[in-house]
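Sequence positions in the sequence shown follow my numbering and run -1 to 392.
Think of the CB as a built atom: it goes at the ideal place given N, C-alpha and C, for glycine as much as any other residue.
Everything on this sheet refers to the single structure shown next.
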Amino acid sequence: MHTPLVARCLRGLEAVVAAEVLGSGLGAVTELRHREVHFRTHLSAPPLRTADDVFLLAAERPDIGTTRQRLQELAELAELADPKRLLSLRYGGTTPTRRITGVDVSASFLGRRTFTRYDAEDVVGQALARRLGVPYHSRRTGTAPPPGGCGWRLTLDGTRATLMLRLDDRPLHRRPYKQHTIPGTLHPPLAAAMAVLADIRPGHTVLDPCCGAGTLLIEPALAQPDARFQGFDLSTNALTAARANAAELPITIRRADAARLPLPDNSIDRVLCNPPWGTQAPARGLLATAPSRWWTELRRVLTPDGTAVLLLPHREDLTTAIRHGFIPVHIQRLRLSGAQPFLAHLTQTDAARGRPSRQRPAGEGPVRSGRGPVSVAGRGGGKNRRLNRQHPPS
């Protein structure tokens, strides 16, 4: 039997998650929605790395609209669902009600409403608790649900109200390896998506010149263990966190300035990086006073066919990349923690590929910008786009 599932993700990564589902042979993608990929699979726990979490689809009904007068209609979702069957699927066929101690619900909605997410959660959560005969834990107080409960997800997108049951106690985005963190650390599913775009092959040398806690090296190392990975940072706290998180993986972590890397010219095949442009983590060392040196150093270490996948906070950063000899071949606007950065896949212009080798990027002259095809993706697979087995557009 093919079970209907929903993968939740960052806004802008819907097509990447759909591609992972299809490319991994997990099943058939049936629909893309806002931050959601709907698919059917025969697996009980699909191992998706680019998704924030995966849920069993429980029930759907029309959205109730923007006013609180219709809030109680959301209780219909609990009546439409078959929670005992869903819990049996979640727990592999065992008797579910003996294993759960309560119910909690997390809700989100698009657009302005005259009710809060907690109002919607309470209506659905109380209805589910009545059906299952267990207590309901409200998130209204900000306290975490007690262990042993089952987590449900409610979304209202302006068209549909959807109820889902989380497949596991721990959300997929909470990686077991990430025991140490620092300010500005990258969301693991986004790092996994960047690794997918980079198309890392066996034998490639992969660099993160501002590695932070190591997430952008660990995710591709788990997916492609036959590549070589190197990370650098100036922060002692970052280096400590990265080495601890990557302790079980063949990743080299060293201290160096991202504008003066201890690497030969043309030695790096792929660069993955979330540069420290001051939005969450401040620039250090030479980059604090001369941020353009980051780009010239990037050009120096990349092989002629090397590419970079970067998370850039502003549109102007793309202009700067072009001015320094890079061509954006794919650009995707994301929504991440209230910000809307650009996920950019960059190659080098012909002029940059043919540059003479230089050991140090001091005294840079002007760099000609090149032109090339640019794939500009929208906000993640448009609303309610239906797919069959075709690979979604990247």
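query                                                                                                                                                                         : result
In chain order, what residues of the same chain have a beta carbon less than 6 angstroms from the beta carbon of Arg66, not counting five sequence neighbours either side?    : Thr112, Phe113
Taking contact to mean 3 or more Cβ pairs, one atom from each stretch, closer than 8 angstroms, check whether the segment 30 to 42 and the segment 118 to 138 are in contact. : no
Could I get the ranges of all uninterrupted alpha helix (DSSP H) runs contained in the segment 132 to 218, with 4 residues as the minimum, in chain order?                    : 186 to 196
Please classify Ala221 as buried or exposed, where buried requires at least 16 neighbouring CB atoms within 10 angstroms.                                                     : exposed
Please classify Arg268: is it buried, with 16 or more other beta-carbons within 10 angstroms of its beta-carbon, or exposed?                                                  : buried
For Ser158 and Arg321, I'd like the C-alpha separation in whole angstroms.                                                                                                    : The displayed chain sequence assigns Arg, not Ser, to residue 158. The alpha-carbon atoms of Arg158 and Arg321 are separated by roughly 45 angstroms.
Which first and last residues belong to the beta strand (DSSP E) in which Arg38 is found?                                                                                     : 34 to 39
Hey, which unbroken runs of the beta strand (DSSP E) at 3 residues or more fall wholly within the segment 224 to 259?                                                         : 226 to 231, 249 to 253
Within the continuous beta strand (DSSP E) that includes Ile325, where are the two ends?                                                                                      : 324 to 331
Less than 8 angstroms separating the beta-carbons of Leu332 and Pro339?                                                                                                       : yes
Just to check my reading of the structure: Leu154 and Val121 have Cβ atoms closer than 8 angstroms, yes? What is that Cβ distance to the nearest angstrom?                    : That pair is no contact at about 12 angstroms.
Within its chain, find whatever has a CB closer than 7 angstroms to the CB of Ala57; leave out the 5 residues flanking it on each side and keep chain order.                  : Leu75, Leu78, Ala79, Leu161
Please state the DSSP three-state secondary structure of Thr305.                                                                                                              : strand
Could you tell me the alpha carbon to alpha carbon distance between Leu308 and Arg297, rounded to whole angstroms?                                                            : 14 angstroms
Hey, could you find the ends of the alpha helix (DSSP H) Arg6 is sitting in?                                                                                                  : Per DSSP, Arg6 belongs to no alpha helix (DSSP H); it is in the beta strand (DSSP E), 1 to 6.
Relative to the alpha-carbon of Pro223, which residue among Ile249, Gly212, Asn243 has its alpha-carbon at the smallest distance?                                             : Ile249
Would Arg158 pass as an interface residue toward chain D - the criterion being a Cβ-Cβ separation below 8 angstroms?                                                          : Chain labels in this structure do not include chain D; a single protein chain is all it has.
Helix, strand or coil for Leu81? Go by DSSP, reduced to three states.                                                                                                         : Just to set this straight, residue 81 is Pro in the shown sequence, not Leu. Here Pro81 sits in helix by DSSP.
Let's test the definition: count the other Cβ atoms within 10 Å of the Cβ of Thr99 and tell me whether it reaches 16, buried, or not, exposed.                                : exposed
Give the DSSP bridge partners of Thr345, in chain order.                                                                                                                      : Ile325
Starting from Ala57, trace the alpha helix (DSSP H) both ways and give me its first and last residue.                                                                         : Not the alpha helix (DSSP H): Ala57 falls in the beta strand (DSSP E), residues 51 to 60.
Classify Ser355: buried if its beta carbon has 16 or more other beta carbons within 10 angstroms, exposed otherwise.                                                          : Legend: pLDDT at Ser355 = 43, less than 50; position of this residue unreliable, value from coordinates given subsequently. Exposed, because fewer than 16 other Cβ atoms sit within 10 Å of the Cβ of Ser355.
Start and end of the beta strand (DSSP E) containing Asp267?                                                                                                                  : 266 to 271
Please report the distance separating the alpha-carbon of Pro81 from that of Ile329.                                                                                          : 41 angstroms
Where do the ends of the alpha helix (DSSP H) carrying Glu71 lie?                                                                                                             : Note, Glu71: premise wrong, no alpha helix (DSSP H); not H, not E.
Roughly how many angstroms separate the alpha carbons of Arg6 and Asp206, rounded to a whole number?                                                                          : 27 angstroms
Around the C-beta of Leu40, are 16 or more other C-beta atoms found within 10 angstroms, so that it is buried, or is it exposed?                                              : The amino acid at residue 40 is misidentified as Leu; the sequence shows His. His40 should be labelled exposed.
Hey, out of Leu163, Pro289, Asp51, Arg115, whose CA is closest to Ser86's CA?                                                                                                 : Leu163
Closest to Leu214 by CA distance: which of Ser233, Leu46, Gln228 is it?                                                                                                       : Gln228
Candidates Arg173, Tyr175, Leu261: which alpha carbon is nearest Val299's?                                                                                                    : Leu261
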